[in-house]
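Participant: I have a structure here, written as structure tokens, and I will follow up with some questions on it.
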Amino acid sequence: MAQLIYSPTSPYARKCRILVRELGLEPAITETAANPFEDDDVLLRANPLGRVPCLVMEDGRALTESGLIAAWLNARAANPWRSDWDDRRLEALGHGLLDLAVARRVEMVREPGLFCDFWITRRERGILRALDELEAEMATLASPVSLGGLTIAVALDYLDFRYPESDWRQRHPGLESLHANWSGRASFAGTAPPVG
Ligand SMILES: N[C@@H](CCC(=O)N[C@@H](CS)C(=O)NCC(=O)O)C(=O)O
1 MAQLIYSPTS PYARKCRILV RELGLEPAIT ETAANPFEDD DVLLRANPLG
51 RVPCLVMEDG RALTESGLIA AWLNARAANP WRSDWDDRRL EALGHGLLDL
101 AVARRVEMVR EPGLFCDFWI TRRERGILRA LDELEAEMAT LASPVSLGGL
151 TIAVALDYLD FRYPESDWRQ RHPGLESLHA NWSGRASFAG TAPPVG
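First residue of the sequence shown? That's 1 in this note's numbering, and the numbers climb one at a time after it.
Following this line, the structure appears as structure tokens:
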């Protein structure tokens with residue numbers, strides 16, 4: 001059995017957990033929860049970077065990036081998702097949106113006196129540009145059920161989770177529809193981060 005180490009609030013890990021379910025790989029993958037910020041032993045033994053997700057393959061070697069783990073899962077599926085360059089391009093853009101949203105939050109969890117307005121504003125501008133670009137790209141998304149579509153939907157749901165005041169839906173009807181499509185899937189609902 002391979003082992004997927006995750007934390008329930010990590011959107012990167014959530015992408016991998018959704019994929020496990022969508023691709024019918026549950027029988028081959030066990031999931032182990034670990035808190036990266038408590039330096040859990042199980043995580044540090046597998047991943048010197050101390051980050052989730054981490055996938056330990058059957059032979060004990062570990063994969064440490066969500067995109068790499070997703071590609072590995074897809075390669076093992078009986079019915080893999082189509083993943084051409086255009087979809088990979090959108091996957092990378094969605095991943096970048098997620099990186100900016102996570103980085104902005106990291107700025108906010110500092111001691112109040114240590115907030116850095118420069119980085120917060122820079123992340124916010126990047127998030128807005130990425131949302132506009134992704135909205136324009138929705139016409140090129142071949143299917144919502146793709147690595148690109150999934151990554152973008154996870155990033156949008158992370159905005160709702162960490163920034164409930166965010167009005168990203170207002171000027172982005174295509175993204176709203178992608179998010180609504182994913183919200184109706186059991187894999188997405190079953191991996192939602194805990195509230196509170
Ligand atoms: N580029 C990585 C990012 C993973 C990541 O930053 N995970 C966060 C949780 S959302 C983490 O484990 N952070 C702990 C730390 O940075 O020390 C990926 O795509 O898997």
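Glycine is no exception: its CB is placed at the ideal position from the N, C-alpha and C atoms.
Using a Cβ-Cβ distance cut-off of 8 angstroms, determine whether residue 106 contacts chain C.
Facilitator: This model lacks chain C altogether, as it is built from one protein chain only.
Participant: Can you check whether the CB of residue 187 is closer than 8 angstroms to the CB of residue 147?
Facilitator: No, the Cβ-Cβ distance between residue 147 and residue 187 is not below 8 angstroms.
Participant: Check whether the segment 68-87 and the segment 127-136 are in contact - that is, three or more C-beta pairs closer than 8 angstroms.
Facilitator: Touching, no, given that fewer than three Cβ pairs across the two stretches are closer than 8 angstroms.
Participant: Where does residue 13 land, buried or exposed, given buried means 16+ other C-beta within 10 angstroms?
Facilitator: It counts as buried.
Participant: Would you call residue 190 buried or exposed, if buried means 16 or more other Cβ atoms sit within 10 Å of its Cβ?
Facilitator: It counts as exposed.
Participant: Do residue 6 and residue 28 have their C-beta atoms closer together than 8 angstroms?
Facilitator: Not closer than 8 angstroms, so no.
Participant: Just to confirm before moving on: does the CB-CB distance between residue 97 and residue 139 stay below 8 angstroms?
Facilitator: Not in contact: residue 97 and residue 139 (Cβ atoms no closer than 8 angstroms).
Participant: Could you pull out every unbroken alpha helix (DSSP H) segment of at least 4 residues lying fully inside the segment 117-169, listed in chain order?
Facilitator: Segments of the alpha helix (DSSP H) lying fully in the segment 117-169: 117-137 and 147-162.
Participant: How is residue 62 classed by DSSP in three states: helix, strand or coil?
Facilitator: If DSSP states are grouped into helix, strand and coil, residue 62 belongs with the strands.
Participant: Just how far apart, CA to CA, sit residue 20 and residue 55?
Facilitator: Spanning the two alpha carbons is a distance of roughly 12 angstroms.
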